[in-house]
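A.B. asks:
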Amino acid sequence: MKKLSYAEALREAMAEEMEKDSSVFIMGEDVGIFGGCFGVTGDLVERFGQDRVRDTPITETAIIGSAVGAAMTGSRPIAEIMFAGFLGVPMDEIFNQAAKMCYMTGGQAKVPMVLRVPNGAGIGAAAQHSERTEAWFTHIPGLKVVYPSNAADAKGLLKTAIRDDNPVMFFEHKILYNHVGDVPEDEDYVVPFGVAEVKREGSDLTIIATGIEVSHSLEAAEKLAEEGISVEVIDPRTLVPFDKETLLKSVEKTGKLLIVSEETKRGSFASEISAVVAEEGLFYLEQPIKRVCAPDAPVPFSSVLEQAYLPNPDDIVTAVKEML
Amino acid sequence: MKESKEELVKLLEDMLVIREFETKVQKHFAEGEIPGFVHLYLGEEAVAVGACSALKEDDFITSTHRGHGHLLARGGDLKKMMAEIFGKATGYNKGKGGSMHIADVSLGILGANGIVGAGLPIAAGSGISAQILDKDSVTICFFGDGASNRGTFHEAINMASVWDLPVVFVCENNLYGISMPQYTNDHRKGQNIQDVSDRAVAYGISGVTVDGNDVMAVNEAVVEAVKKARSGGGPSLIECKTYRHRGHFEGDPTVYRSDEEVERWKEKDPIDRFVKILKDQEILDDEGYKELRNEVKGRVEEALQFAQESPEPDPSEVTTDVYYGGAE
Ligand SMILES: Cc1ncc(C[n+]2csc(CCOP(=O)(O)OP(=O)(O)O)c2C)c(N)n1
Ligand SMILES: [Mg+2]
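First to last, the protein sequences are chains A and B.
When we follow our numbering, the leftmost residue of the first sequence carries the number 1, and every step to the right adds one.
When we follow our numbering, the leftmost residue of the second sequence carries the number 1001, and every step to the right adds one.
1) Identify the continuous beta strand (DSSP E) that holds Gly-28 (chain A) and give its terminal residues.
2) Residues of chain A with CB closer than 8 Å to the CB of Asn-1149 (chain B), please, in chain order.
3) Using 8 Å for Cβ pairs, my map puts Ala-84 (chain A) next to Thr-133 (chain A). What's the rounded Cβ distance?
4) Is Pro-311 (chain A) buried or exposed, if buried means 16 or more other CB atoms sit within 10 Å of its CB?
5) Considering Val-3 (chain A), what are the terminal residues of the beta strand (DSSP E) in which it resides?
6) Distance cutoff 9 Å, beta carbons only. Does His-1187 (chain B) sit that close to anything in chain A?
7) Return the first residue and the last residue of the alpha helix (DSSP H) that His-1028 (chain B) is part of.
8) Indicate the three-state DSSP secondary structure (helix, strand or coil) for Met-1180 (chain B) in the structure shown.
9) For Glu-279 (chain A), which of helix, strand or coil comes out of DSSP?
10) Kindly list the residues whose CB is nearer than 8 Å to the CB of Tyr-1176 (chain B), restricted to its own chain and excluding five residues on each side of it in sequence; keep chain order.
11) Measuring only the C-alpha atoms, how far is Ser-1106 (chain B) from Thr-1062 (chain B)?
12) Using a Cβ-Cβ distance under 9 Å, would Ser-230 (chain A) count as near chain B?
13) If you count every other CB in all the chains shown that lies within 10 Å of the CB of Ala-127 (chain A), and 16 or more means buried, which is it?
14) Suppose only complete runs of 4+ residues qualify. What are the alpha helix (DSSP H) ranges in the segment 242-286 of chain A, listed by chain order?
15) Is there a Cβ of chain B sitting closer than 9 Å to that of Asp-296 (chain A), yes or no?
16) Which value, in whole angstroms, describes the spacing of the CA atoms of Leu-87 (chain A) and Met-27 (chain A)?
17) Output needed for Asn-178 (chain A): all residues of its chain with C-beta closer than 8 Å, excluding positions within five of it in sequence on either side, in chain order.
18) Show which residues of chain B have a CB atom less than 9 Å away from the CB atom of Leu-115 (chain A).
19) If you count every other CB in all the chains shown that lies within 10 Å of the CB of Ala-270 (chain A), and 16 or more means buried, which is it?
20) Please indicate yes or no: does the CB of Gly-1177 (chain B) lie closer than 8 Å to some heavy atom of ligand 2?
21) Taking the C-alpha atoms as reference points, what is the distance between Val-24 (chain A) and Gly-120 (chain A)?
22) Give the residues from the segment 1292-1324 of chain B that approach chain A closer than 9 Å (Cβ to any Cβ), ordered along the chain.
23) Give me the chain A residues within the contact set of Ser-1179 (chain B), using Cβ-Cβ distance strictly less than 8 Å, ordered along the chain.
24) Do you know whose CA, among B:Ala-1160, B:Lys-1135 and B:Gly-1087, lies nearest Ile-1122 (chain B)'s CA?
25) Tell me the residue span of the alpha helix (DSSP H) that contains Ser-1236 (chain B).
26) Would you identify the three-state DSSP class for His-1154 (chain B), choosing helix, strand or coil?
27) Please indicate yes or no: does the CB of Met-27 (chain A) lie closer than 8 Å to some heavy atom of ligand 1?
28) I want to verify the contact list: residues of chain A whose CB lies under 8 Å from the CB of Lys-1027 (chain B), in sequence order.
29) Can you find a CB in chain B that lies within less than 9 Å of the CB of Gln-128 (chain A)?
30) Please name the residue, chosen from B:Lys-1297, B:Pro-1313 and B:Phe-1153, that lies closest to Ser-302 (chain A) on a Cα-to-Cα basis.
31) Please work out which residues of its chain come closer than 6 Å, Cβ to Cβ, to Gly-1043 (chain B), disregarding the five sequence neighbours upstream and downstream, and give them in chain order.
32) Which class does Phe-86 (chain A) belong to by DSSP, given the choice of helix, strand or coil?
33) Please list the residues of the segment 301-312 of chain A that have a C-beta atom closer than 7 Å to any C-beta atom in chain B, keeping them in chain order.
34) List the whole-angstrom C-beta distance separating Pro-1270 (chain B) from Asn-1219 (chain B), where the pair is believed to meet the contact cut-off of C-beta under 8 Å.
35) Can you pull the chain B residues whose beta carbon is under 8 Å from the beta carbon of Phe-86 (chain A), in chain order?
36) Please list the terminal residues of the continuous alpha helix (DSSP H) segment that includes Cys-293 (chain A).
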């Protein structure tokens, strides 16, 4: 194991895959000498050159559209969109082109591309630079959707994403970039899609959380443990494919489910998780499911408002206590 | 065009307001009092001032992520602006927008936008309203050299051109979009033309490039374009070559440009140049300039104090204003 930040882990995953496979390349705005808006691509341009670490003009439509074209013709692009709030721009390229190409061609065409996106709020960046858009993409058949919550998963999942023959939406939480964690040193270390991780075992209640809310939930679980409350915390790691079994098994054991997500509540992936459990695990439940999410409003600028807006460990503790 | 002594001094005053305001924001951002991203307008003052001074009260503008200068040049209230940048309840947007979205809609500002290039079609729409509502208003659309590579640039200017919409597209070419040079001789560049205005020809509209650090030159070109737009002559594209003194945002280490380049552009500072002209023409003397600066400094200082002393927004404000008029 070695200590890496989430951002370094992502960079290492890209570097290793680029080293191994010359068809892998990176493109996006300011990913070259600037090193990426959040420093994720860092020095990769020095190591792999401007052809394989391509700085693009401000042109999200062409970044994603050309990634689709490159992917269909033998390359394996890793495209970066600087903020999740900009995903509206290349939406046709994502949902009509990347996502449907395989199906529309009856399985002939493959689109092996990764779209990396800094997701989430918490840095005072206001409404258009703080979006959480993962649920938009889980709604689109043909895309895989990944959301690592820690450095080790960031590396292992990104490597799997680069090797996957389908378009992968890869969400990264901005606040997590500087979080340091233990990352396996083995070059062949990967994390498979569709396998949730039970981050903490417990018997009183199940929390399933995504992205940064995994660490918030673990923090809450720690506090609750001091009061003798035993919470199980599950991180699905990939939203599509989604590991139902791990969740249903846990709910069968605890009888109570709290879903924690930084998304705005209505139509969120948290809603999808509750639908899965309502459909397939209703009789395991002793009481209604609860969701801790952001309110149905854009992200406000002021730090006071933003902190009030975002789900935090205290909100999770309160919700758990309400359920017990 | 601005000719009278009062008009010329007003141009200087407006530029000084931006300079002093932004310098204060820079300082207090560095001191950790301002959250989020701040993109300063320092060095580009002549563009906003030269352009906005060509407008009437009921005209419109679309602004950008680098929008403080546009709002100030449109006569924005310094106190409400500074309070917004500090995220306070007394700010223009009640602390919900911050630096990147600061706007006074009553001054015809159709939002400051965090999405690069989003303002161009909005400006076209404002031009459509002038036709639908039979008004003689004109809309100035500010956007950067980087934004001119987005599809919205093409789509909006094409539409404005075919419908003769009363819009003046003002490109602030400060030579970079974050780290990406607008044009160079090598491989890494935003576009393969030296002048953004060359593109006008593709839309059948007039396009000019002016010295964006010369407030008179900007004003002259925009006055002309506004006159044309107002009289049904359709849109124009005006490219103003300028330079940002600071990094893309505060905190940008600017590895992509040389100190020498920055110094070269500082020698072409729009305010110093204009002050020299006014002094040479004996419109302003040293004493008058000093007085004007002190007066402006005082106003900015007051705005700062107002912002610092203003209350934080109430957390209940998180879910208000999602829909106009209140409820869902
Ligand atoms: C659609 C979109 N893509 C990317 C960004 C990130 N971004 C913010 S400002 C900027 C550079 C803009 O360059 P330019 O239009 O020249 O304006 P300048 O900052 O130089 O004033 C970029 C890439 C964004 N905000 N919106
Ligand atoms: Mg620029």
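Even glycine gets a Cβ: it sits at the ideal position worked out from N, Cα and C.
C.D. replies: Let me spell this out:
1) 24-28
2) Pro-57, Ile-58 and Thr-59
3) 5 Å
4) Pro-311 (chain A) is buried by the Cβ-count criterion.
5) Rather than Val, the amino acid found at residue 3 (chain A) in this sequence is Lys. From DSSP, the beta strand (DSSP E) with Lys-3 (chain A) extends over 2-5.
6) yes
7) 1005-1030
8) strand
9) helix
10) Asp-1145, Gly-1146, Gln-1182, Arg-1244, His-1248, Tyr-1256 and Arg-1257
11) 13 Å
12) Chain B contact via Cβ: absent.
13) buried
14) If we require 4 residues or more, the alpha helix (DSSP H) runs fully inside the segment 242-286 of chain A come out as 244-254 and 269-280.
15) At least one chain B Cβ lies under 9 Å of Asp-296 (chain A).
16) 15 Å
17) Answer for Asn-178 (chain A): Ser-5, Tyr-6 and Ala-7, listed in chain order.
18) In chain order: nothing, as chain B lies at least about 18 Å away.
19) buried
20) At a threshold of 8 Å, Gly-1177 (chain B) counts as near ligand 2, since its beta carbon sits closer than that to one of the ligand's heavy atoms.
21) Distance between the alpha carbons of Val-24 (chain A) and Gly-120 (chain A) is about 27 Å.
22) Glu-1312, Pro-1313, Asp-1314, Pro-1315, Ser-1316, Glu-1317, Val-1318, Thr-1319, Thr-1320, Asp-1321 and Val-1322
23) Asp-30, Gly-32, Ile-33, Phe-34 and Asp-55
24) Cα-wise, what sits closest to Ile-1122 (chain B) is B:Ala-1160.
25) Here Ser-1236 (chain B) belongs to no alpha helix (DSSP H); instead the beta strand (DSSP E) covers 1236-1241.
26) helix
27) No - ligand 1 has no heavy atom lying nearer than 8 Å to the Cβ of Met-27 (chain A).
28) Here the premise fails: no neighbours, minimum Cβ distance about 18 Å.
29) yes
30) B:Pro-1313
31) Tyr-1243, Arg-1244 and His-1245
32) Three-state result, Phe-86 (chain A): helix.
33) Phe-301, Ser-302, Ser-303, Val-304, Leu-305, Ala-308 and Tyr-309
34) Not a contact, Cβ separation roughly 12 Å.
35) Ile-1115
36) Where Cys-293 (chain A) is concerned, there is no enclosing alpha helix (DSSP H), although the beta strand (DSSP E) it sits in stretches over 290-294.
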